[in-house]
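All the letters of the sequence shown, read from the start, carry residue numbers -22 to -1, 1 to 169 under mature numbering (1 follows the signal peptide of the UniProt record, and there is no 0). Glycine residues also receive a C-beta, built at the ideal position from the N, C-alpha and C atoms. Bear in mind the structure is a predicted one, so any value in this text is a computation, not a measurement. For reference, the structure discussed in these notes is given below.
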Amino acid sequence: MTVMSRWFAATIVLCAISVCYCVSEKPWDRFNLAPSSRTIYPVSVYKTTGSIVDPSAVLTGNPTGIDPGSYITLDFGKEVGGIITLSVHSISGQGVELGLGFSESSLFVGVASDSSANCCNSDGVLLKTFKGKEVWTTPPEYLRGGFKYLTLSNNSTGRINIDRVSLEWTPSPDTKNPRDYPNYFYCSDDY
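Take a look at the structure:
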């Protein structure tokens, strides 16, 4: 082995050790609720109303059917913020209008968003009409902060089958890993 190749091997080992040290768990990490990825998926189905075909399938990338007048509420597991992307697998009929409602608390889950962005009124519902198979991302002006629950409601006469829902996490946009945000502290005293 030449001197150069030994130097290169030593550098690789030191870099690997540094990376392992940087990504190891620290005591304060349990308080860091930021995700490790910018793409977040719902973790469970909180509630369904009406006729929903295979409700949990959407959590694994398989079609969940939402019949007319029905809705499904997905739970992201913790407070999130960003832009929603929906993958529509198929529809029945000429077009299906889907409503998106957002809520921070399970107390206010419903087809219209809660009043987290306004003190006195509901935020309403974001409506989108789908004509067939499509992947749709909410426009930037509909970026939503501060919600845990997303309710998808079918306001039409045909079924809509959705096979994926995701959120692009937008807080701390300059940080590649959202968990690496600066300016927090930790105290070893739990009190």
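Candidates Leu121, Phe80, Ala12: which alpha carbon is nearest Ile50's? Phe80
Just mark Ser134 as buried or exposed, buried being the case when its beta carbon has 16 or more other beta carbons within 10 Å. buried
For a test of the three-state rule: what should DSSP assign to Val143, helix, strand or coil? strand
For Phe163, does the three-state DSSP call read helix, strand or coil? coil
Considering Cα atoms alone, identify which of Gly55, Asp32, Val87 is closest to Thr129. Nearest C-alpha to Thr129: Val87.
When the Cα atoms are used, what is the spatial distance from Asn34 to Val58? With the sequence shown as reference, residue 34 is identified as Ser, and Asn is not the correct amino acid for it. For Ser34 and Val58, the distance between alpha carbons rounds to 20 Å.
Taking the straight line between their C-alpha atoms, what separation do you get for Asp158 and Pro117? So the two alpha carbons sit approximately 27 Å from each other.
Given a cut-off of 8 Å, decide if Tyr169 and Pro5 are closer than it, judged by their beta-carbon atoms. no
Buried or exposed, going by whether 16 or more other CB atoms sit within 10 Å of the CB of Val66? buried
If the criterion is Cβ atoms closer than 8 Å, does the pair Phe136 and Ser70 meet it? It is Gly, not Phe, that sits at residue 136 in the sequence shown. The answer is yes: Cβ separation under 8 Å.
Within a Cβ cutoff of 7 Å, which residues of the same chain sit near Gly28, ignoring the five residues on either side of it in sequence? Only Asp45, Gly47, Ser48, Tyr49 meet the Cβ criterion.
Can you look up Arg16 in the DSSP assignment and give me helix, strand or coil? coil
Within the same chain, show all residues whose beta-carbon is closer than 8 Å to that of Gln72, passing over the 5 residues directly before and after it, in chain order. Closer than 8 Å at Cβ, skipping near neighbours: Lys109, Gly136.
Leaving out five residues on either side along the sequence, give the residues of the same chain with a beta carbon under 6 Å from the beta carbon of Asp32. Contacts found: Thr42.
Would you list the residues sitting across from Val74 in a DSSP beta bridge? Phe108.
Here's the rule: buried if 16 or more other CB atoms are within 10 angstroms of the residue's CB, otherwise exposed. What is Val113? exposed
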